[in-house]
Amino acid sequence: MKTIFIASLFIGVSIFIISNKIIAQEEVKDDLVFKYEELTSPDFKDAVTKSEGTVIIPFGILEKHGPHLPLGTDLLDARELSIRAVNSEYSIIFPQYYFGQIFEAKHQPGTIAYSSKIIWDLLQETCSELSRNGLKKIIIVNGHGGNNNFLKYFCQAQLESRKDYAVYLYTPTNDPVVEKKIAEMRKTTGDNHAGETETATMLANRPDLVQLDKSNSQSGEDQNRLGDFKDGFTGIWWYAKYPNHYAGDGSKATKELGEFILNTSVVQLTKFIKQVKQDTKALELQKEFFNETENPLKTKDK
């Protein structure tokens, strides 16, 4: 899919704020690429300035997506969403990141399930290294549901020790108008992993990787093998419901639905990137918090 880069014009001296410090630099190039891996080292410095110290980590996984979608579906979708968004609101995009939580799919071919310690340490060190390179606002755009709990805890755990950067996990809320339109366009009811909407998004993103004719070769029905299990949680829940690691029916998907989902998501993510770039409170409050943790008895009521 061809993407069009809309560059913002910077003239004269560029000024941006990181950790409440005003930094002035010479004119920044107006044709900078946004993919981290494609920037030269000199251009990287300009990109940090132009992005106002923000970077996006599109977070996916390598796992089975039914019998018809590629292993990297979550990563491909998260990265495409990020690319479309930064066309309007410049930010650096980190390279493909697929080091997440996926133990529930270890029984399926192609799944790469790193240990808990590895995925934690790698993400922590990635954030530390990005910060060391001047990127103090780190946005995680997660495309994989199995990462949800891990990433929220990771963000909370950033308060364990002093940090000079802030991690923002993108958690979009549902727009009732958009949800109504999606419901009208959908042809299936039960829809989750590799189902109609996820298949539709891949048809809009990378149709060359979708094997729609194979989408009915396995069952995506909820098999409910745990039965009526209420008021509790157990890690085997997903396998109990969807042992084929397929939830829904991708055969009914259309590119039209996928484009609608992607385009409305882009608008929402673009606004979030802008909000993060304008935010001065998170880093300020973190600094205040870390100062107070060093001597809790001197913490004053707010």
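Under this note's numbering, the letters of the sequence shown match residues -11 to 290, in that order. Ideal Cβ placement from N, Cα and C applies to all residues, glycine included. Given the structure is predicted, the values throughout are model-derived calculations rather than measurements.
Closest by C-alpha distance to residue i, when choosing among the options
| i | options | result |
| --- | --- | --- |
| V292 | K23, D196, K124 and P30 | The requested residue 292 is not part of the displayed model; the chain covers only -11 to 290. |
| D163 | L257, D152, N137 and L157 | L257 |
| H181 | E92, T28, I81 and A35 | E92 |
| K265 | G134, G41, T114 and S29 | G41 |
| M190 | K288, I107, K275 and P58 | P58 |
| A292 | V155, L214 and K218 | Residue 292 cannot be examined here, being either before or after the span of the chain that is shown, -11 to 290. |
| D152 | L50, F278 and W226 | F278 |
| P83 | A101, V43, T37 and Q146 | V43 |
| D65 | N130, K169 and G238 | N130 |
| A241 | F248, Y158 and T185 | T185 |
| P55 | K33, Q89, G98 and E113 | G98 |
| F138 | Y78, K169, R150 and G48 | G48 |
| D201 | G134, N232, N193 and G238 | G238 |
Exposure label - residue i; buried when at least 16 CB within 10 Å
| i | result |
| --- | --- |
| S253 | buried |
| R303 | For the chain, the structure presents residues -11 to 290; residue 303 sits outside this window and is missing. |
| T187 | buried |
| L271 | buried |
| Y156 | buried |
| I10 | With a pLDDT of 41 at I10, under the threshold of 50, the modelled position of this residue cannot be trusted; read the value that follows with caution. Classification for I10: exposed. |
| S205 | exposed |
| D196 | exposed |
| G324 | Since the displayed the chain opens at -11 and closes at 290, residue 324 lies outside it and no answer follows. |
| K124 | buried |
| Y141 | exposed |
| T287 | exposed |
| L273 | exposed |
| L118 | buried |
| A171 | exposed |
| L50 | buried |
| R67 | buried |
| S104 | exposed |
Where residue i falls: helix, strand or coil (DSSP)
| i | result |
| --- | --- |
| L157 | strand |
| T230 | Residue 230 is actually Tyr in this sequence, not Thr. In the structure shown, Y230 sits in coil (DSSP, three-state: anything other than H, G, I, E or B). |
| K(-10) | At K(-10) the pLDDT is 36, less than 50, meaning the model places this residue with poor confidence; the figure from the coordinates comes in the next sentence. Residue state, collapsed to three classes: coil. |
| I224 | coil |
| I249 | helix |
| I356 | Nothing can be reported for residue 356: it is not among the residues displayed for the chain, which extend from -11 to 290. |
| F278 | helix |
| I80 | strand |
| P284 | helix |
| S207 | coil |
| L271 | helix |
| K290 | coil |
| E92 | helix |
| E148 | coil |
| I10 | The predicted position of I10 is uncertain, since its pLDDT is 41 and thus under 50; a value taken from the coordinates is nonetheless stated next. Three-state result, I10: strand. |
| K218 | coil |
Host beta strand (DSSP E) of residue i (start-end)
| i | result |
| --- | --- |
| Y46 | Note that residue 46 is Pro in the sequence shown, not Tyr. T42 to F47 is the span of the beta strand (DSSP E), which, as asked, contains P46. |
| N130 | K125 to N130 |
Opening and closing residue of the alpha helix (DSSP H) in which residue i lies
| i | result |
| --- | --- |
| R120 | S104 to R120 |
| S29 | S29 to K38 |
| Q144 | N136 to A145 |
| L191 | E184 to N193 |
| K168 | P164 to M173 |
Per DSSP, cross-strand counterpart(s) of residue i
| i | result |
| --- | --- |
| H53 | P55 and L57 |
| K23 | I81 |
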